[in-house]
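Numbering (my numbering), first residue to last: 20 to 117.
We put the beta carbon where it would ideally sit given N, CA and C, even for glycine.
Structure first, commentary second.
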Ligand SMILES: [Zn+2]
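Next up, the structure:
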C-alpha cells in the first residue's frame, strides 16, 4: 500500500516568497486557505507563530506601498491569522516589524 503524502508534506507545497507572496501551489495570497483551514490547537498555534513571525518583516517590506496592497496591520493580521489579535495589537506589531 502506498502511503499518501499528507499533512506537513502537502503543506510544504503551499509556500510563498516575496515580493508577491502568492501560494506557489494555488496562487492564493499566502498564507492560502490550505493553511487557514488547518484544525487549530495550542501546539500548532505555537509552531505557526514561530514560523510565520519570520515572514512578517519581509512581507511588510514587500507588500506595503503596493497599489491596492494591504496595510502593514493588515499584513500582520493576514500572516498571524491563527491568533486572536486586535486592530490595535496588529498596528503595534506592524510598527515593530517594519
Ligand atoms: Zn496554497
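Would you say the beta carbon of residue i comes nearer than 7 Å to a heavy atom of ligand 1?
i          : result
residue 29 : no
residue 45 : yes
residue 53 : yes
residue 33 : yes
Can you give me the C-alpha to C-alpha distance between residue i and residue j, rounded to a whole angstrom?
i           : j           : result
residue 114 : residue 42  : 25 Å
residue 65  : residue 38  : 26 Å
residue 69  : residue 31  : 16 Å
residue 35  : residue 104 : 23 Å
residue 82  : residue 72  : 15 Å
Counting along the chain, where does the alpha helix (DSSP H) carrying residue i start and finish?
i          : result
residue 91 : 91-98
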